[in-house]
Each structure stands twice: as C-alpha cells, then as structure tokens.
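J.: Taken in order, these protein sequences are the chains called A and B. Here the first sequence stands for residues 1 to 994, where the numbers follow my numbering. Here the second sequence stands for residues 1001 to 1434, where the numbers follow my numbering. Yeah, the Cβ is synthetic: ideal placement off N, Cα and C, and Gly gets one too.
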Amino acid sequence: MKKNPLLIAILFCNISLFAQDYFPKNDGVKNTNHNFTALTNAKIYVSPTQVIDGGTLLIQNGKVVQAAKSVTIPANAVVINLEGKTLYPSFIDLYSDFGIEKPKRSTMRGRSPQYDPTRSGYYWNDHIMPETNALTTFKFDDKKAEELRAAGFGVVNTHLQDGVARGTGALIALNSNGNDSERILLEKASQHFSFTRSAAKNQSYPSSIMGSMALLRQMYYDADWYSKGNSTTKDLALEALIANRGLVSIFESKDKLNNLRADKIGDLFNIQYVILGGGFEYENIPQAKATNATFILPLNFPEAYDVSNPYQAAYVSVADMRHWNQAPTNPKVFVENNIPFSFTTHDLKSPKDFMTNLLKAIEYGLDKTKALEALTTIPAKTIGKSVELGSLNKGAYANFLITSGDIFEKETIIYENWVQGNPNILADINQKDIRGEYNLMVAGKTFQLSIKGEVSKPTAEMKQDTIKIKTKLAYAKNWADLSFTFEEEPYRMTGQITNNSNNITGRLILPNGNASSFNAIKTAAFVEKEKEEKETKKIDVVPMTYPNIAFGNSEKPKQENLLFKNATVWTGESAGILTETDVLIQNGKIAKIGKNINGGNARVIDATGKHLTAGIIDEHSHIALSSVNEGGHNNSGEVKMEDVVDPDDIGIYRALAGGVTSAQLLHGSANPIGGRSAIIKLKWGENADTMIYPNAPKFIKFALGENIKQSNWGATETVRFPQTRMGAEQVFIDNFQRAKEYEVLKKSGKPYHYNEEMEVMVEILNGERFITCHSYVQSEINMLMKVAEQFNFKINTFTHILEGYKLADKMKEHGIVGASTFSDWWGYKFEVNDAIPYNAAIMYDNGLTVGLNSDDGEMIRRLNQEAGKTMKYGNVPETEAWKMVTINPAKMLHLDNRVGSIKEGKDADVVLWNNNPLSVYAKAEKTVIEGAVYFDLDKDVQKRQAIKTERNKLIQMMMNEKNEGGKTQTPTRKGQRDFHCDTDHLEEAYYLQN
Amino acid sequence: MKNIHKRLPLILLFLISMHINAQQTPALPQKGAFTIQGATAHIGNGNVIESSTIVFENGKITAIGTTSTAAKGTIIDASGKHVYPGFIVTNSTLGLVEIDAVRASVDDNEIGSIIPNVRSLIAYNAESKIVESMRPNGVLIGQIVPRGGRITGTSSVVQFDAWNWEDAVIKADDAIHMNWPNSFSRGRWWEGESRAYSPNKNYIEEIQKVSYFLKDALAYGKTTPNEINLLFQSVQGLFSGKQKLFIHADGEKEMIDAITFAKELGIKEVVLVGGYEAYKITEFLKQHNIAVIAGRTQSTPKFEDDDYDLPYKMPKLLADAGILVALDPDGRMERMNTRNLPFYAGQVVGQGMDKEEALKMITSNAAKILGIDNDYGTLEIGKSATLFISDGDALDARTNLISKAFIDGREISLNSHHTTLYHRYSEKYKLQKN
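#1: Please check if any C-beta of chain A sits within less than 8 Å of the C-beta of L1401 (chain B).
#2: Exposed or buried, which one is G576 (chain A) when buried takes at least 16 other CB atoms within 10 Å?
#3: Secondary structure at P889 (chain A), three-state DSSP: helix, strand or coil?
#4: Ignore the nearest five residues each way along the sequence and tell me which others in P917 (chain A)'s own chain have a CB closer than 6 Å to its CB.
#5: Going by DSSP, what residue range makes up the beta strand (DSSP E) through T136 (chain A)?
#6: Could you say which of A:I955, A:H980, A:F979, A:K974 lies nearest to A304 (chain A) if we only look at CA atoms?
#7: My output table needs one value for V307 (chain A): the three-state DSSP class, helix, strand or coil.
#8: Over what stretch of residues does the alpha helix (DSSP H) that includes I830 (chain A) continue unbroken?
#9: Suppose the cutoff is 8 Å on Cβ atoms and the five residues either side in sequence are ignored; what does the same chain contact list for D1173 (chain B) look like?
#10: With three or more C-beta pairs closer than 8 Å as the rule, is the region 266-274 of chain A touching the region 284-300 of chain A?
#11: In the DSSP output, what is M441 (chain A) paired with across the bridge?
#12: Output yes or no for whether 8 Å exceeds the beta carbon distance between E1304 (chain B) and I549 (chain A).
#13: Could you tell me which whole beta strand (DSSP E) segments of length 3 or greater appear in the region 36-123 of chain A?
#14: Any beta carbon from chain B within less than 8 Å of S317 (chain A)'s own beta carbon?
#15: Looking at the secondary structure, which residues open and close the alpha helix (DSSP H) in which H1423 (chain B) lies?
#16: Which residue's Cα is closest to the Cα of E904 (chain A): A:F341, A:S554, A:A591, A:F280?
#17: Just verifying my parser: in three-state terms, what is the DSSP assignment at N1021 (chain B)?
#18: Apart from the five residues just before and just after N596 (chain A), which ones in its own chain have a Cβ nearer than 7 Å to its Cβ?
#19: DSSP three-state label for Q723 (chain A), please.
#20: Return helix, strand or coil for T568 (chain A), following the three-state DSSP convention.
#21: At a Cβ cut of 7 Å, what residues of the region 1398-1430 of chain B count as close to chain A, listed as they run along the chain?
#22: What number of angstroms, rounded off, separates the C-alpha of N1365 (chain B) from the C-alpha of I1170 (chain B)?
#23: Can you tell which of A:S554, A:L426, A:A223 has the C-alpha that lies nearest to the C-alpha of W124 (chain A)?
#24: Roughly how many whole angstroms lie between the Cα atoms of F408 (chain A) and T344 (chain A)?
#25: Just reading off the beta strand (DSSP E) that G1065 (chain B) is part of, what are its end residues?
#26: Would you mind working out which of A:T49, A:N202, A:P298 sits nearest M355 (chain A), comparing C-alpha positions?
#27: What separation, rounded to the nearest whole angstrom, lies between the Cα atoms of Y693 (chain A) and K681 (chain A)?
#28: Excluding sequence positions up to five away, which residues of its chain have a Cβ less than 6 Å from the Cβ of I1043 (chain B)?
#29: Using alpha carbons as the reference points, say which of A:V777, A:D306, A:G827, A:F140 lies closest to A808 (chain A).
#30: In terms of DSSP beta bridges, what is L473 (chain A) paired with?
#31: Are three or more beta carbon pairs between the region 375-393 of chain A and the region 18-37 of chain A nearer than 8 Å?
#32: Within 10 angstroms of its Cβ, does K1159 (chain B) collect 16 or more other Cβ (buried), or is it exposed?
#33: For F979 (chain A), name the three-state secondary structure that DSSP assigns.
#34: Looking at chain A, is there any beta carbon in it that lies within less than 8 Å of the beta carbon of F1014 (chain B)?
#35: Can you tell me the Cα-Cα spacing of N1045 (chain B) and A1405 (chain B), whole angstroms?
#36: Based on Cα-Cα distance, which residue from A:G804, A:T498, A:L508, A:A476 lies nearest to K457 (chain A)?
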C-alpha cells in the first residue's frame, strides 16, 4: 500500500515535532504544533503484560502523554476513533546495519600476506576498530526504513558489521518524516564485537577462531594497561574502547559454540555480552543459559530442502533436515528455559520474512506475550531505554502499531506504524472488506463475480454459468477497478465503495469506448475455507539427539558397573596379557582384575574369545576442532585449542568405533610456536567442557621444518620470519629470552604489561607447560633440544619425529618423555624423504618411550593396526607394540596415572575387541569411557536403522511442505573439514571471513 | 596434502637430485628351476593348497600341487610359511610422482581436459624409491594411471623390478581413463562462495562435451584420414575392444549416467573406479557386466550419515552381489600408502569377507580387470612366476613378513631406501653400545 503524503499532512498536522527552533527559518513562517492526538476506543498493549480494552492513547510532541481506559482529552486534540483496532508498541531491532554500507571485501590474491597493521596511532591489529562510530558513514535509508516499518519496527540499533572489535552502534528511529536531528535517539548505544575478521582489512592475524578469541583477550588486557596511563604512545582505538566501557557490549556469535566462547571472554573481564545467536541454541540450551546472557535471535529458519529428486536428497544430512524441522522451536526453548531474548531481522533475506517466521515460531509453541516482549520491552531494556522505548507508558516515544487485531495472527493487518508520533500508513484503515459473492450486471449481461483473498488485497474470479472469465481487480482508497475480457472484447469498470451499501456501482467503459454504468449486487458473504484445515495441522518435531547429528545418542551414555568375563586382557602393565580373566568396572574406575570375580550388581559382558584393552590414546589429533591453525603470527602461544573444541564432530564417533578414548587436540604446524593443546576424552554427546580432561596437564604445540618456514605455501608466502631452519632457532631463542625478561619484570613488583603469549612462554620455562614439537629432520630436532637446554628446560615430546631414529641417542640424553611418530608415512614432502617405517622400532630399541599418532581423521580410526605394523617393521614385541597407542602416549601426556592401561584404580577407559587388537581384522565392539559405553556395535546397528527411518520421515515432511506451496531450497551438503597439521591457513582465514 | 603440490618452490628441484641414490639392481632373468616346498599356497582364485609344492622355470609356473608334486632345481623350504601371487594394484600413480610437495617431481597430471593421447608409461619412473618400497609388502605389479582433466589419458601395466619403463611394461596402453563429472560440486570458497556442495549446473554440458568428442572419434575411425588427429586416434581401442574405458565415478546417478553413456557409444569394456555408492546399484552393474575398483577401504565415509565402516565393507557388499571387485588406492598420500594394499584387502576381511576372497581383489580380480589374467594373478601352471613367500598371513601387517619375492621367476631384491637406513642406523647404535 502506497502512502499518500498529502493525506497525512492534511489529517495530522503534528509533523516536525522536534523542529529545531533555534534554527533560522527562511522558507516560510514558524509552524509550531503542540496539539495532542487522541487515539480512542482501542485495545492498547501499553506493554506486553498490560492491556487496556477500549482505552485511549494520548500523544503530544511525538511522545506518549497517557494511555488509559479513560483519558481527559484536551480541547486541542485531534481525535481518531480506533474502535475494534489494537495498538502495540512498535518493534525494536538491536542488530541492524540500517543505513550503513556493507564493507567491500578486500582480496589478497596473488599478493604477499600483510603481517603488520596499516594504521598508526591505533591498535596493533587492524581488525580491532572500537573507534568506529556507526554514524560516521550513516545515511538514513528511506526505502529500507519503509520495509522495516512494514515489518513492524520503529527503532533499530545500527552498526558497521565488520571486524573483531567493531565500534559503536547508534539507536535510530525509523522516522522518515523527520531528519537525523530527530531520529538519532542515541549516538552511541552499544559496542560491538565478533570473531570474524574485517572483510576490508588484510592483516594476517587472526586467521582462526581461537586467534580472534586471544586477540580480544589481549585487547582488554592492553586496554587495562593503557587506562592506567602506562603507555607512552597514543592508541586511539584503545582510548575509544576505554571511553565506551559503560555501553552494552553486543557480540555477534551466530554459532551455538561461539556463544559460549564469547561468554568465556566476557567472564574474564567482567563483561556480560549480549549475544547474537545463530538459531542452533536449542541444541545446547543449558550452556546457553549458563552464560547468563540476553540473546538476540535471528528468525532465520531454513526453508525445506527440495528433496523431490532422490539423488539430490541423498546429499542432505539428517542433521540439516532436522534443523529445518527443529529450528522454529528455538524461541520457544528459550522461553522454557527462562533465557531473555529479543528478535532481529538480521540474517533474513528480507524484513518481509520476519513476521512469517515469527508466526511460525508461535505455531511451534512460542508464547505470544513472550514474543511481544522479545520485540519491545526486552530490546528496550537491553539497550538501556526502557522508559523511552518498548512500551506506551507516559514519556515513551509514540512508536506504535495500529492493527486489525491480534498481531500474531496470520490474518491480522497492520494498518499503521507510527514513529515519534508520525503515522506511516501500511494499509488503509478505513478500507472496507468487499470480499463475497456478487451478481455483476454489465451491459445487459449478468456474471458471477466472487471476490476473495486478503482483505487489503482481494482478488476476483468471474464466471458466466460455468465459463471462467479472465479478470483483474485493483482495490485501494475506496475505489475498486475491475477489468475483464469477454468474447475477446475488453470491459473496464471503476466503482466507489461506500459504507452505506454492500453493492458496488460505478462507471463502465464498453469495448467500443462508450461509457455506461455497472452494478454488482452482493449475494453472499465471504467464507474462509482454508482456516479450519490449517488449525488442525499438527506440528511434528523430531526428537533431538546428543549431539544432534547422525549417530547422536538419544540419551547420554551413563556410567555403569560392568563385569567383563573371561577376556584376554591386554593390561599394558608388567602383567602383560592375561587370558581368561575378568575385569570389574565400578564407579567409572577399574575396580578389580582377576579370575572368577563376583561383580555384585554389575552388568556382565561375556568376553569369551575376545580381547579387552585400555582405550587407545592419540597423542596427535585434529578431530573435534572448529579451527586448527592460527598462522597469522610466528608465535601463537596465546591461542588455546580448549577454546575451539567441537563436540559435534562425527570424527569423534568414528574414532570411538576404532577404540580411541582419549586424544590430544593439537594446534596445527603453521608456525614455530603454535597453540596450547586440548586433551579430551571422546565422550560423544557431552559438551566440550565435559570432554576436556579436568586438571589436564598443560601442553603447547611447537613445530619445525617445511610448514613453519612456509615452504609449500606458494610463491607469495615468503615474508614471514622464519623462512629457513636458521631463522627458526632465532624465533625460539628470541621468544624464550623475552619471556625470561618478562618474568623478571613481573616478579619485580613494577608495573608490567600482561601478555598472554609471554605468560605461556614463562610456563614453559618453569616446567609448568610441556612442549610437543612437530618435527621431521634431525638437525632442527637437535637444535630445539639445545635451545631448551640453554633455557634450562626439557622438550617433553617430539611428535611425528620421522627422523627420530637418527638421533634416538640424543633424545635419550636430553631426557624427552616420549617420541610419537607415524607408523609408515613418508614421501609427501621433501623433509620426509628419510622417514622410514622402522623409526618406531629403532627408537624403541634405544629405550625411548614411543607412541604412534594419527594427525588424521581416518587413521585415528585404526591406530591399533598402525601399532601392528611395528611388528612387521622392526619386529617390536606384541605387548610393546600395543603400548605405543595406549600407555606410552599416556606417559607423554602425563596421564599415565589415570589412563593408558588396565590397572586397578585407573579410569575405566577400555575397549572390547573381537580379535587380537593389533590385527587388521580386529573390530571394536564396545568402547567404554569411565564406565559409560560410548560405542557399542549393536547400538550402532540400531542407530543406522534409526537414521534411515528418520531420513525417510523428514523427506516425507519436506515433500508435504513443498506440495503445500512452502518455499524450498536446493539440496546442499556441508563440506566436511578434515583437519591436519598443515591445513591451509588461508582456507582458515577465508573461513573466518565467510 | 593435496593442495601442496599445486604450489611448490622450484628450488627444491636441485635438492631432490642431490638425494637420488642408486636403487636396487633389477634381478637377472631366471636361471634354472626353483621349487618352493611346504608352504600354504594361496592360489589367488579362492583356493588354498596346504603343504604345497610350487615349481617354476624360465619365469613360468610349471607345476603346483601337494607334497606329491616332484621338486626341481633349487629347493626353497617354506614350511609353515605362505606363498601368494604378487599383489596387483589398479588405478595407481606410482612412479609418476616422487614427492607430493615437490612440483618438479610431479608427473601425474597433464593440463587439458580431454587428453586421452597422454600416456603414463613413458613417465613411469622405474627407479622410484616409492615403487621400490612396494615390494617388501608383496605389491609387485601396478596399473599406472594419469590423473586430471575429464579424459585423463592412457594407462599401462608395469611390474616393479625394472631398469626402465620399457623393461617394466607388462601391458602397454591398456586403458583410457575418464573422470565422470559430479552432479554436485563445491563452491569456490576462496572467491567467497559457500564451501557447501550444491547441484552442479554444468553437469549435462560437461557430459555432452565428452560425448561429442567420442562420437567424433568414432566417426574419425571409420575412414582413413589424411590428417592424423592424435586425440581421436588414441581412443580407437575403445571401440574395437582393445582398450578398456575406466570411468571414475562415485555417485549413484553419476555411475548410472556413465555406464549408460559408454554403452550407448558402443564402448565395449567399461570398468568403474571409485564407485562409492555402487552398492546401491549392484543389479544394474551386474546387468551391464561392470567390474568395480572399489574406493580405498581405509578412508573416511563421505557423508556424515554413512555407516562408519562403509568404506571398510564396501568391497564386500559388491562381491556378495556377484560383482568383480578390485581395490583402489586413490586418495590422500596414495603412492606411499599403496604398500598398504594388502591391508586394504585385510580391512574387508575384518568386515566378514573370506580371506581368500579378499585376496582375489588384489590378485586374480585385478588381473582380470587389467586383462593380464592369462599371465598374472594366480598361482597356476603356465602363468608367470610372480609370487612371494611370507612368514605369515600377508593381509595382516603383523605377519606380512616377506622373505623372498619373484617377478617372472626373477628373484628380486627386497631392500629399499628404508631398509638401507634401517640397517645403517641400527648399526650406528650397535657400534655405540659396543
């Protein structure tokens, strides 16, 4: 519906409420208007919980004067009778980029990476831009404002959505009648942050989620240092951050794991972020609740996949299908869990989809009052404007909607959206419902005319007897224009709709051009047919699993007391292999090993002919991670893999099926000093924090060789130090030397600048954090040991260590805890030219503790076989071979007192195999962690069947959706990300930008 | 690893050349008869002979049987051991690439989309250290295949103990290879596109391009042209049945499209490579008599919803349905990993396939698919004495301990760059300890 500015001006003269009266006026005379407007006889939602029936809303100067049942209407009031109509406070969107141009993506193709900042006088990282003020580039966008108003919004909080620290947002009233002096409600309403790099900036750091997290932490540390006046140089970015400390901080997360990651940063600095969610929060709602954050939720419910082609349908995962089905419950789940939230139009293709999806959420169980709160009072409170916004209490802006009824009903029409007392007409409030059946008399002929569809946009169908006649109807402003073609001749009519009559009469233009008149006599009222059917439509939401993807658990595995009877037990201890032996598991621990054990109430598992071992431990893995390499700096000790554990990776389940129970999740090898490790148990279905070992020994990944000197990264990657092995030594010495000096200063009691990276380096120097170093070639391995010796500490583990056999003696002498290698990898790059499969055997023969690692989501599934290979390559005894994937890696990880062997008192992390576990033929039948069965071959079969059934059900539901005219999207499949040490850091950086 | 080889500093070229050591000397032709006695002979066709006697002369097996078979010439006592036909790898790139990350050593991927005339044989490096490392695990024969593009080129079959490619060749130009287009493709993430897979809009067009080419080639072959077209000429064997067409395809739709396509064009012999979803269309494959080189068993499932062991058991699903199956080594670090071919077969045994059935996939089945089964793939009279003796079960790494190996009756060295370094450094520490 187009608005008519003239009409508005005539009806309501109270525009320019905030006329800048100290401005000179040269275009006429002063036109002050302090009249009141009284909207009477309406149902008024003063707030979501306070409703007045037949009340009056009195406004003046763009603000509410009073909203009550009975109001004394001043003489100088324009009265508008809104009988039968409903008034709502208009909506608020806190997450908008209204009026701000999206930053242009800058590409680095073909250029050398940029490691230094481009700005001076600002922070050392270009992605930190807290000084950005939304208003600097703001330009009120009339077209967009109109779209937003049509969706019910009156106020938006807008900011430049670019970078890690994004600066401030401005609160804007969507008042197209006024100017910026009126509609800017707050110049700085909020601060904004994200984990996403600036699209416009190219500085290499950060290139990963954990890098963004570390950068934010350091930014706050630096700000603290700066605010105390410790800096001798100027930093306008930090000054802005400090100056804006009082504003609410809004974090763009858009990911259920990032929600928690953001909150963790906030906790460190006593900041409670308001979090922009991504729509998947229903999957980890207890953790979302534990953040104590208020959320901003997009209503980005996915469209059904078009699964009519079975080949294409096969590409859609059951997880993606489920999300289509479950996503609309997200807001309802927030309500059920008492988590405050507001809604945003962010991530919608058009604001038009907003109400459609909101109604869907309500259909899926969202309470209407809560929905209204999420649109009004909660965002108002979030932004600290509860008095002025979100309600129609006295003193609030006169921002409200006039509707035909309950705003959360599909048929309801929003007639008008008033912003700051200015009406914006969306639909003609006076428009009569002309729908119904008519006899149309035209030039002596009678036709059957039926008008149906929406009240504001009705459509017409015409018939003469049974013959359909093509016709067109346009209805606006009490005028109906009707045209049709009959016997190949055109007829045009226009008629006025009056309140006095249900019939329509008017002027007719005959095919010959002559004017005449027509008459349409109403014979029957309009009957809505579809409505009843729709209401009976049952909402069918499939149940969630943990995690909510294929092979997730319908219930989280519980600890049980288990008695394995009559097994061949590979103890991994001096007892060696015990035949026909029982193992009792109680309270998550190995309680007893022996013959004929009485297990009491323990569940008995017949293990006759089977092999029971400790769970496999992978010293070097990159599964279950959201991100792997922070290659933006040559030292990234400040990043933590614990920050980016992804508990939903199908790789976890697949590794469990290969008998793996623990893994060290390492940073990649993009730089000499990598990130801190996460050591996890593969508790499939639990959240990340539960998977991480409590009191885990502290580790950090170091790396040597081709990857850190970027040998295989292409011709442009030649500017980061080091580019040679010579340079690598200097990086290590430099960092340790600086750490030493840092610690001296820190201990001196003088002010010192907290630096997370240096803190980590100090931990290494003090033996509190262990190094596991990615290594291939003997020269540099020797070098790193010498650097360590120079600084009086020891290297804990050399990982990969493919030339370990060349200097087993030197490693022994240095006193490494262990060497973790590949069984037989070589040939993939130049530095593995001398990698031999006998490496493990030679190191073992020379008394080193040797482990075998995967570094690979495939090999982790069969590390048992990799251990078996050492029997071929170098004749390692069976029991020793087995230790290489269990107790030996446990020793390297300083976890051998907890896991790695079958010993009374240790964690009950065990695997039942159907065959000698070192054999290629062996299959894990049960994988148990702390007494809970996380993988069970029989249950796996059930899960396969369940996936098949569920896929079929969801496909059927999506077919129905399509057949009923619902929107669909093309089937897609997410690319699986199988991380390795050398996962392309550029790919990571792009990933972070997209 | 895949993306590494794309951008590699040329500088490493000379570094490599420094490291090329002398390779093991290829063995001389067989002199005199050999008899292997007492071993469990795994024939390669599903049969086993316990306490066997195997006699071979002039490179051919002349007798095989139980203890009653008469011995001849040099007797090798293999009591308690196992004898296998030399393992055969199909769809391999051995000898075409030495080090993945060193571009100068990469010769498996020529530019161009339709390049059937490109021949792998002449680039096959008979002295590759990677090839040499196959032999101690029993992998003695391979089909060497060019990769890249739509029609990738012409493969040949070689044995792994030779001075040069001419000596190595068993069957020159045995097949043409084609990568079937994918009906789903992934966005170019580096251009800011989604990294998700979505329907490939160019699928039909991509098929048509190959179709036009092959139709042209067929027409070309019907006359004697004045001007030679190398591309058309190189595929004539497909229409005569002299060469097979190996189509690399994984999706159900793709496979059906590919086979229908090949049959319609009158291509006589078609082999499917990869065949990730082949288990869904076994009836169709049988109907068209299509052999499958099943995707690497030791790989991760492609789809999140797939059974964790789908790649492990896939060959079994096909074999159980009556399809001729061999194993594909293609995948991450495929060349160096090809020495694990016996364990790729062993992996399927873990899923319930009979050991001798699994063995067929890397012996007789592979030989049939490559069309060398008259001479290779089984331990039968008249066939090449390409075989080895293992202390134990050769499909399990623990017991794959090979003491002797023969190619065409020539006793080959089982040393390698790896064993050399093993001995060198074992010696170093022994000396230190003394």
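T.: Put simply:
#1: For the purposes of this step, residue 1401 (chain B) is taken as the residue at position 401 of the second sequence. At least one chain A Cβ lies under 8 Å of L1401 (chain B).
#2: Here residue 576 (chain A) refers to the residue found at position 576 when the first sequence is read from its first residue. Under a 10 Å Cβ-count criterion, G576 (chain A) is classified as exposed, with fewer than 16 other Cβ atoms of the shown protein chains found around its own Cβ.
#3: Translated into positions along the first sequence, residue 889 (chain A) becomes position 889. Correct three-state label for P889 (chain A): helix.
#4: Position 917 of the first sequence, counted from the start, is the residue given in the question as residue 917 (chain A). Closer than 6 Å at the Cβ level, and outside the excluded window around P917 (chain A), lie H611, T613, N864.
#5: Taking the first residue of the first sequence as position 1, residue 136 (chain A) is located at position 136. That residue, T136 (chain A), is in no beta strand (DSSP E); it is neither H nor E in DSSP.
#6: Within the first sequence, numbered from 1, the residue matching residue 304 (chain A) stands at position 304. Comparing Cα positions, the closest option is A:I955.
#7: For the purposes of this step, residue 307 (chain A) is identified with residue 307 of the first sequence, where counting begins at 1. Three-state result, V307 (chain A): coil.
#8: In the first sequence, residue 830 (chain A) corresponds to position 830, counting from 1. This sequence places Phe at residue 830 (chain A); Ile is not what is there. Note, F830 (chain A): premise wrong, no alpha helix (DSSP H); not H, not E.
#9: The count along the second sequence starts at 1 and reaches residue 1173 (chain B) at position 173. In the same chain as D1173 (chain B), and ignoring 5 residues on each side of it, the C-beta atoms closer than 8 Å to its own belong to R1119, L1121, T1154, S1155, S1156, G1237, Q1243, in chain order.
#10: Taking 8 Å as the limit for Cβ pairs, the verdict is that the region 266-274 of chain A does touch the region 284-300 of chain A.
#11: If you number the first sequence from 1, residue 441 (chain A) lands on position 441. M441 (chain A) pairs with A:T446, A:N519.
#12: Position 304 of the second sequence, counted from the first residue, corresponds to residue 1304 (chain B). Position 549 of the first sequence, counted from the first residue, corresponds to residue 549 (chain A). Yes, the pair counts as a contact, with Cβ atoms nearer than the cut-off.
#13: You should have 36-47, 50-60, 63-68, 77-81, 86-89, 91-96.
#14: Here residue 317 (chain A) refers to the residue found at position 317 when the first sequence is read from its first residue. At least one CB atom of chain B sits nearer than 8 Å to the CB of S317 (chain A).
#15: Your numbering for residue 1423 (chain B) matches position 423 in the second sequence. Taken as a continuous stretch (DSSP letters only), the alpha helix (DSSP H) holding H1423 (chain B) covers 1417-1433.
#16: Locating residue 904 (chain A) in the first sequence gives position 904, where the first residue counts as 1. The shortest C-alpha separation from E904 (chain A) is found at A:A591.
#17: In the second sequence, counting from the first residue as 1, residue 1021 (chain B) sits at position 21. In this prediction, N1021 (chain B) scores a pLDDT of 49, lower than 50, which makes its location untrustworthy; the coordinate-derived value is nonetheless stated afterwards. DSSP, reduced to helix, strand and coil, places N1021 (chain B) outside both helices and strands of the structure shown, so it counts as coil.
#18: Counting from one through the first sequence, the residue named residue 596 (chain A) turns up at place 596. Result list for N596 (chain A): D582, in chain order.
#19: Walking along the first sequence from the start, residue 723 (chain A) turns up at place 723. Under the three-state reduction of DSSP output, Q723 (chain A) falls in the coil class, being neither helix nor strand.
#20: Mapped onto the first sequence, residue 568 (chain A) falls at position 568. Secondary structure of T568 (chain A) (DSSP, three-state): strand.
#21: Within the region 1398-1430 of chain B, contact with chain A at the beta-carbon level (separation under 7 Å) is assigned to R1398, N1400, L1401, H1418, L1421, Y1422, Y1425, S1426, Y1429.
#22: Taking the first residue of the second sequence as 1, we reach residue 1365 (chain B) at position 365. Taking the first residue of the second sequence as 1, we reach residue 1170 (chain B) at position 170. Between the alpha carbons of N1365 (chain B) and I1170 (chain B) lies a gap of roughly 17 Å.
#23: Translated into positions along the first sequence, residue 124 (chain A) becomes position 124. It is A:A223 whose Cα lies nearest to the Cα of W124 (chain A).
#24: As a working note, residue 408 (chain A) is residue 408 in the first sequence. As a working note, residue 344 (chain A) is residue 344 in the first sequence. Annotation: F408 (chain A) to T344 (chain A) spans about 16 Å, alpha carbon to alpha carbon.
#25: For this step, residue 1065 (chain B) is matched to residue 65 along the second sequence. 1060-1065 is the span of the beta strand (DSSP E), which, as asked, contains G1065 (chain B).
#26: Looking up residue 355 (chain A) in the first sequence gives position 355. For M355 (chain A), the closest C-alpha among the options A:T49, A:N202, A:P298 is that of A:P298.
#27: Stepping through the first sequence from its first residue, residue 693 (chain A) is reached at position 693. Stepping through the first sequence from its first residue, residue 681 (chain A) is reached at position 681. Using only the alpha carbons, I get a separation of about 7 Å.
#28: Residue mapping note: residue 1043 (chain B) aligns to position 43 of the second sequence, counting from 1. Annotation for I1043 (chain B): T1378, L1379 place their beta carbon closer than 6 Å to its own, counting only its chain and skipping 5 residues before and after.
#29: Locating residue 808 (chain A) in the first sequence gives position 808, counting from the first residue. It is A:V777 whose Cα lies nearest to the Cα of A808 (chain A).
#30: As a working note, residue 473 (chain A) is residue 473 in the first sequence. L473 (chain A) is bridged to A:L482.
#31: The region 375-393 of chain A is not in contact with the region 18-37 of chain A.
#32: To locate residue 1159 (chain B), count along the second sequence from 1; it is residue 159. The identity of residue 1159 (chain B) in the sequence shown is Gln, whereas the question assumes Lys. By the 10 Å Cβ count, Q1159 (chain B) comes out buried.
#33: Counting from one through the first sequence, the residue named residue 979 (chain A) turns up at place 979. Three-state DSSP puts F979 (chain A) in coil, outside helix and strand.
#34: Working through the second sequence from its first residue, we reach residue 1014 (chain B) at position 14. Caution applies to F1014 (chain B), whose pLDDT of 38 falls short of 50 and renders its modelled position unreliable; the model cannot decide the point.
#35: By 1-based counting over the second sequence, the position of residue 1045 (chain B) is 45. By 1-based counting over the second sequence, the position of residue 1405 (chain B) is 405. Rounded to the nearest angstrom, the two C-alpha atoms are 19 Å apart.
#36: As a working note, residue 457 (chain A) is residue 457 in the first sequence. Checked all of A:G804, A:T498, A:L508, A:A476; the closest Cα to K457 (chain A) is A:A476.
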